[in-house]
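A.B. asks: I'd like to ask some things about the structure below.
Protein chains: 2
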Amino acid sequence: MLYLIGLGLAYPEDITVRGLNAVKKCSRVYLEHYTSILMNSTQEELETFYEKKVTLADREMVESGCEEIMADADKLDVAFLVVGDVFGATTHTDLVLRCKQRNIPVEVIHNASIMNAAGACGLQLYNFGQTISMVFFTDSWKPDSWYDKVLENRKIGLHTLVLLDIKVKEPNLESMARGRIVYEPPRYMSIAQCCKQLLEVEETRSLEAYTPNTPCVAISRLGSNKQKFKSGTIKELSEYDSGEPLHSLVILGRQVHELELEYLLEFTDNKESFIKNVKADQEYFKPAPWVPPNQDDDC
Amino acid sequence: MLYLIGLGLAYPEDITVRGLNAVKKCSRVYLEHYTSILMNSTQEELETFYEKKVTLADREMVESGCEEIMADADKLDVAFLVVGDVFGATTHTDLVLRCKQRNIPVEVIHNASIMNAAGACGLQLYNFGQTISMVFFTDSWKPDSWYDKVLENRKIGLHTLVLLDIKVKEPNLESMARGRIVYEPPRYMSIAQCCKQLLEVEETRSLEAYTPNTPCVAISRLGSNKQKFKSGTIKELSEYDSGEPLHSLVILGRQVHELELEYLLEFTDNKESFIKNVKADQEYFKPAPWVPPNQDDDC
Numbered sequence: 001m002l003y004l005i006g007l008g009l010a011y012p013e014d015i016t017v018r019g020l021n022a023v024k025k026c027s028r029v030y031l032e033h034y035t036s037i038l039m040n041s042t043q044e045e046l047e048t049f050y051e052k053k054v055t056l057a058d059r060e061m062v063e064s065g066c067e068e069i070m071a072d073a074d075k076l077d078v079a080f081l082v083v084g085d086v087f088g089a090t091t092h093t094d095l096v097l098r099c100k101q102r103n104i105p106v107e108v109i110h111n112a113s114i115m116n117a118a119g120a121c122g123l124q125l126y127n128f129g130q131t132i133s134m135v136f137f138t139d140s141w142k143p144d145s146w147y148d149k150v151l152e153n154r155k156i157g158l159h160t161l162v163l164l165d166i167k168v169k170e171p172n173l174e175s176m177a178r179g180r181i182v183y184e185p186p187r188y189m190s191i192a193q194c195c196k197q198l199l200e201v202e203e204t205r206s207l208e209a210y211t212p213n214t215p216c217v218a219i220s221r222l223g224s225n226k227q228k229f230k231s232g233t234i235k236e237l238s239e240y241d242s243g244e245p246l247h248s249l250v251i252l253g254r255q256v257h258e259l260e261l262e263y264l265l266e267f268t269d270n271k272e273s274f275i276k277n278v279k280a281d282q283e284y285f286k287p288a289p290w291v292p293p294n295q296d297d298d299c
Numbered sequence: 001m002l003y004l005i006g007l008g009l010a011y012p013e014d015i016t017v018r019g020l021n022a023v024k025k026c027s028r029v030y031l032e033h034y035t036s037i038l039m040n041s042t043q044e045e046l047e048t049f050y051e052k053k054v055t056l057a058d059r060e061m062v063e064s065g066c067e068e069i070m071a072d073a074d075k076l077d078v079a080f081l082v083v084g085d086v087f088g089a090t091t092h093t094d095l096v097l098r099c100k101q102r103n104i105p106v107e108v109i110h111n112a113s114i115m116n117a118a119g120a121c122g123l124q125l126y127n128f129g130q131t132i133s134m135v136f137f138t139d140s141w142k143p144d145s146w147y148d149k150v151l152e153n154r155k156i157g158l159h160t161l162v163l164l165d166i167k168v169k170e171p172n173l174e175s176m177a178r179g180r181i182v183y184e185p186p187r188y189m190s191i192a193q194c195c196k197q198l199l200e201v202e203e204t205r206s207l208e209a210y211t212p213n214t215p216c217v218a219i220s221r222l223g224s225n226k227q228k229f230k231s232g233t234i235k236e237l238s239e240y241d242s243g244e245p246l247h248s249l250v251i252l253g254r255q256v257h258e259l260e261l262e263y264l265l266e267f268t269d270n271k272e273s274f275i276k277n278v279k280a281d282q283e284y285f286k287p288a289p290w291v292p293p294n295q296d297d298d299c
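Line order of the protein sequences matches chains A and B. For the first sequence, counting from 1, position 198 maps to 198 in UniProt numbering; every step adds exactly one. For the second sequence, counting from 1, position 96 maps to 96 in UniProt numbering; every step adds exactly one.
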């Protein structure tokens, strides 16, 4: 049996009791270690907690076929641990498909992920639109296909969850050119950098998917004892010191109810200006700029 | 301290280790018992597992101010357990706000909810739009505001998660009129009933937010040992026997990738016709029927 087990957000003890029981009986335990990190625990702490050796599975191991992970999983119990929930990344769906093709039984044990725990910021989950990822820009590479998605979400009033890039095990390119593999130190995008990149792309795209005054909520270290929320405009948050990783951002949509606003105001420095910006944003995107469905013969 | 603890989806052991440790030290334990149910466990099984008495909190107790739950929570540890994750329902956000106003410390311990675990059907979570709820229609009450949301989602290619109504503790109206409170037996909406109501509303609204041939995935008993997925059109699923509760439905959007389709095909009776319907749906909603952002001066 291959167990795919979500670890939740921060602590070794965030695993479910059922998940822990499964890990305890496994012959081999792998930890997916490139799409996220478990904030409040090291590999050693996990090994102590599980009383098991834990092998880190980097992108190469997982995406190059998972042969090592699946080996003998039709006869032995093997655990593949994923920070957050199991189906956050496409590659894990792929792993399940490969197992099915080989008649390896799979059991999934779910857990919290940023995709649902983000509701802790006070915004209702059912008003979120599609989720986007913000990668580290370089001088020559500034992908912005997410910009259209933000615009689509905001046109229909929905919030946008922005997942911030992490680089856990990136080879140093200079060393690679000299034939040696040396890994860069891990990097985690800050709220400020994300907001600066948002502003940079709005400068070039200029469709007003958002403005410097668009209200957002920064979510830092969600689920840990250092969890922190901060409400503010993109401009304000582009100067915010968000501290240690991990971070996510929510760009608000028009659909903010009184109760949600009251909750967000707990986390803002300037309540009056935040309310003003929320109202202005609601006004801008309402009424909806496209033809209402009941007069739209084209759809 | 008031602990708000997600229970996950099915088993008593789906609680996290951290959640269980918190419950064990609480003086009082409440289980929110009207927005969902824990599929594979009774109140008695939870009490045995926690070695604690568990009080069921119905809608009335939670929405009428939560006084009983918050009593002395500034001095004692109290647990409020929620099936799935904590922030699925607006009332729980309200409970946190009330605690803040009274200086009662709150700690949230997250878990899986249908909002993220739905990824188990093979569709990528970041392509989901706003979530809708389908309530039981009566002869005189057929709310359909969700219809516009499905149309909005599908216009921009997004999947729609449909949460199906449950009635856990509804008073019998005839008895109430006679001054006695008698509760109806619990009711859980089936996939077939949900699909019939979808078709009924499309008949009256007629904007082709979807058609009888729109592809969907039925998700039944997610996270339990009787978990089952079934891919098919709305028409096909309107005759599907989905078995025991709980159920959810995903109405597919245009954004279905090859890997996702391959996954969904595992769960369909007629692969060829399912592929045909997915392709037809993709064709219908592509190119997007509204003016592309870069020619849209009104937004």
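Cβ coordinates follow ideal geometry from the N, Cα and C atoms, glycine included. Nothing here was measured: the structure is a model prediction, and the numbers come from that model.
Using Cβ-Cβ distances below 8 Å, what residues of the region 118-134 of chain B are close to chain A?
C.D. replies: Those would be G119, A120, G122, Q124, L125, Y126, N127, F128, G129, Q130, T131, I132, S133, in chain order.
A.B. asks: Can you list, in chain order, the stretches of the alpha helix (DSSP H) that have 4 or more residues and sit fully within the region 165-251 of chain A?
C.D. replies: 173-177, 191-205, 234-237
A.B. asks: Could you have a look at L7(B) and say whether DSSP puts it in helix, strand or coil?
C.D. replies: Sequence index remark: in the second sequence, residue 7(B) carries index 7 (1-based). In the structure shown, L7(B) sits in coil (DSSP, three-state: anything other than H, G, I, E or B).
A.B. asks: Nearest by alpha-carbon distance to K58(B): which of Q193(B), L158(B), T91(B) is it?
C.D. replies: The sequence position of residue 58(B) within the second sequence is 58, counting from 1. Residue 58(B) is actually Asp in this sequence, not Lys. If we check each option's Cα against that of D58(B), T91(B) comes out closest.
A.B. asks: Based on Cα-Cα distance, which residue from L199(A), N153(A), S242(A) lies nearest to G253(A)?
C.D. replies: Here residue 253(A) refers to the residue found at position 253 of the first sequence. Selected option, being the one with the closest Cα: N153(A).
A.B. asks: I want to see whether chain B comes within less than 7 Å of residue 303(A), judged by CB atoms only; does it?
C.D. replies: There is simply no residue 303(A) to check, as chain A begins at 1 and stops at 299 in what is shown.
A.B. asks: Tell me, which residues are paired with G84(B) by DSSP?
C.D. replies: For this step, residue 84(B) is matched to residue 84 along the second sequence. G84(B) pairs with G8(B).
A.B. asks: Could you run through the region 260-277 of chain B and flag, in chain order, every residue whose CB is less than 8 Å away from some CB of chain A?
C.D. replies: So the list reads E260, E262, Y263, E266, given in the order they occur along the chain.
A.B. asks: If contact means a Cβ-Cβ distance below 9 Å, which residues of the region 11-27 of chain B contact chain A?
C.D. replies: Y11, P12, E13, D14, I15, T16, V17, R18, G19, L20, N21
A.B. asks: Under three-state DSSP, which class holds T16(B)?
C.D. replies: Within the second sequence, numbered from 1, the residue matching residue 16(B) stands at position 16. Assigned with DSSP and collapsed to three states, T16(B) falls in strand.
A.B. asks: May I ask you to report which of helix, strand or coil DSSP gives P120(B)?
C.D. replies: In the second sequence, the residue the question calls residue 120(B) occupies position 120. It is Ala, not Pro, that sits at residue 120(B) in the sequence shown. Three-state DSSP puts A120(B) in a helix.
A.B. asks: Would V82(A) count as contacting chain B if we go by Cβ distances under 7 Å?
C.D. replies: Counting from one through the first sequence, the residue named residue 82(A) turns up at place 82. Interface residue (Cβ-Cβ distance to chain B less than 7 Å): V82(A) is not classified as such.
A.B. asks: For T268(B) and G243(B), which I take to be in contact (beta-carbon distance under 8 Å), what is that distance rounded to the nearest angstrom?
C.D. replies: By 1-based counting over the second sequence, the position of residue 268(B) is 268. By 1-based counting over the second sequence, the position of residue 243(B) is 243. Not a contact, Cβ separation roughly 17 Å.
A.B. asks: Does DSSP classify R254(A) as helix, strand or coil?
C.D. replies: Counting from 1 along the first sequence, the entry for residue 254(A) is found at position 254. Reduced to three states, the DSSP call for R254(A) is coil.
A.B. asks: Have a look at the DSSP bridge pairing and note the partners of Y30(B).
C.D. replies: Stepping through the second sequence from its first residue, residue 30(B) is reached at position 30. According to DSSP, Y30(B) bridges with T55(B), F80(B).
A.B. asks: What separation, rounded to the nearest whole angstrom, lies between the Cα atoms of M176(A) and F137(A)?
C.D. replies: Here residue 176(A) refers to the residue found at position 176 of the first sequence. Here residue 137(A) refers to the residue found at position 137 of the first sequence. Going from the Cα of M176(A) to the Cα of F137(A) covers about 21 Å.
A.B. asks: Could you run through the region 141-168 of chain A and flag, in chain order, every residue whose CB is less than 7 Å away from some CB of chain B?
C.D. replies: Residues of the region 141-168 of chain A that bring their beta carbon within less than 7 Å of a beta carbon in chain B comprise D148, L151, E152, K155, I156, L158, in sequence order.
A.B. asks: Can you tell me the Cβ-Cβ gap for D77(A) and Y3(A), rounded? I've got them flagged as a contact below 8 Å.
C.D. replies: Position 77 of the first sequence, counted from the first residue, corresponds to residue 77(A). Position 3 of the first sequence, counted from the first residue, corresponds to residue 3(A). Taking C-beta atoms under 8 Å as the contact rule, D77(A) and Y3(A) qualify, at a distance of about 7 Å.
A.B. asks: State the DSSP-derived secondary structure class of M61(A), mapped to helix, strand or coil.
C.D. replies: Within the first sequence, the letter at position 61 stands for residue 61(A). Reduced to three states, the DSSP call for M61(A) is helix.
A.B. asks: Note down the Cα distance separating D281(A) from W141(B), rounded to an integer number of angstroms.
C.D. replies: Locating residue 281(A) in the first sequence gives position 281, counting from the first residue. Locating residue 141(B) in the second sequence gives position 141, counting from the first residue. About 34 Å.
A.B. asks: Answer yes or no: does any C-beta atom of chain A fall closer than 7 Å to that of M115(B)?
C.D. replies: Position 115 of the second sequence, counted from the start, is the residue given in the question as residue 115(B). Yes, contact with chain A.
A.B. asks: Can you give the beta carbon distance from E32(A) to F80(A), rounded, assuming they're within the 8 Å contact cut?
C.D. replies: For this step, residue 32(A) is matched to residue 32 along the first sequence. For this step, residue 80(A) is matched to residue 80 along the first sequence. Indeed they touch by this definition, with Cβ atoms about 7 Å apart.
A.B. asks: Residues of chain B with CB under 8 Å from L9(A), in chain order?
C.D. replies: Stepping through the first sequence from its first residue, residue 9(A) is reached at position 9. For the C-beta of L9(A), the chain B residues within less than 8 Å are, from N- to C-terminus, H110.
A.B. asks: Shorter than 7 Å from the beta carbon of G223(A) to some beta carbon of chain B?
C.D. replies: As a first step, residue 223(A) must be located in the first sequence, where it is residue number 223. Yes, G223(A) lies at the interface with chain B (some Cβ there is under 7 Å from its Cβ).
A.B. asks: What residues are listed by DSSP as bridge partners for F128(B)?
C.D. replies: The residue you call residue 128(B) lines up with position 128 of the second sequence. For F128(B), the beta-bridge partners assigned by DSSP are H159(B).
A.B. asks: Less than 7 Å between the C-beta atoms of N111(A) and G223(A), yes or no?
C.D. replies: Within the first sequence, numbered from 1, the residue matching residue 111(A) stands at position 111. Within the first sequence, numbered from 1, the residue matching residue 223(A) stands at position 223. No, Cβ-Cβ distance for N111(A) and G223(A) is not below 7 Å.
A.B. asks: Compare the C-beta of T93(B) against all C-beta atoms of chain A and say whether one is closer than 7 Å.
C.D. replies: Position 93 of the second sequence holds residue 93(B). With 7 Å as the cut-off, T93(B) counts as an interface residue toward chain A.
A.B. asks: Looking only at DSSP bridge pairs, what is L2(B) linked to?
C.D. replies: One-based indexing of the second sequence puts residue 2(B) at position 2. Bridge partners of L2(B): V78(B), V106(B).
A.B. asks: Based on the DSSP secondary-structure assignment, which residues constitute the bridge partners of M39(A)?
C.D. replies: As a working mapping, residue 39(A) is identified with position 39 in the first sequence. According to DSSP, which records beta bridges pairwise, M39(A) is partnered with nothing at all.
A.B. asks: State buried or exposed for V182(A), treating a residue as buried only when at least 16 other CB atoms are found within 10 Å of its CB.
C.D. replies: Stepping through the first sequence from its first residue, residue 182(A) is reached at position 182. V182(A) is exposed by the Cβ-count criterion.
A.B. asks: According to DSSP, what are the bridge partners of M134(B)?
C.D. replies: Here residue 134(B) refers to the residue found at position 134 when the second sequence is read from its first residue. As computed with DSSP, M134(B) is found in a beta bridge with L164(B).
A.B. asks: Relative to the C-alpha of I251(B), which candidate in D14(B), L20(B), K155(B) has its C-alpha closest?
C.D. replies: Position 251 of the second sequence, counting from 1, holds the residue named residue 251(B). Nearest of D14(B), L20(B), K155(B) to I251(B), Cα basis: K155(B).
A.B. asks: With distance defined between alpha-carbon atoms, name the residue in D94(B), L198(B), V86(B) nearest to S64(B).
C.D. replies: Start at 1 with the first residue of the second sequence, and residue 64(B) comes out as number 64. Per the Cα distances, D94(B).
A.B. asks: Can you tell me whether H247(A) is buried or exposed, with buried defined as 16 or more other CB within 10 angstroms of its CB?
C.D. replies: As a first step, residue 247(A) must be located in the first sequence, where it is residue number 247. Classification for H247(A): buried.
A.B. asks: Taking the alpha-carbon positions, what's the N172(A) to E60(A) distance?
C.D. replies: Taking the first sequence and counting its residues from 1, one reaches residue 172(A) at position 172. Taking the first sequence and counting its residues from 1, one reaches residue 60(A) at position 60. Distance between the alpha carbons of N172(A) and E60(A) is about 16 Å.
A.B. asks: Between Q130(B) and Y263(A), how many whole angstroms is the CB-CB distance? I'm expecting something under 8 Å.
C.D. replies: Within the second sequence, the letter at position 130 stands for residue 130(B). Within the first sequence, the letter at position 263 stands for residue 263(A). Not quite, the Cβ-Cβ distance comes to about 19 Å (not below 8 Å), so this is no contact.
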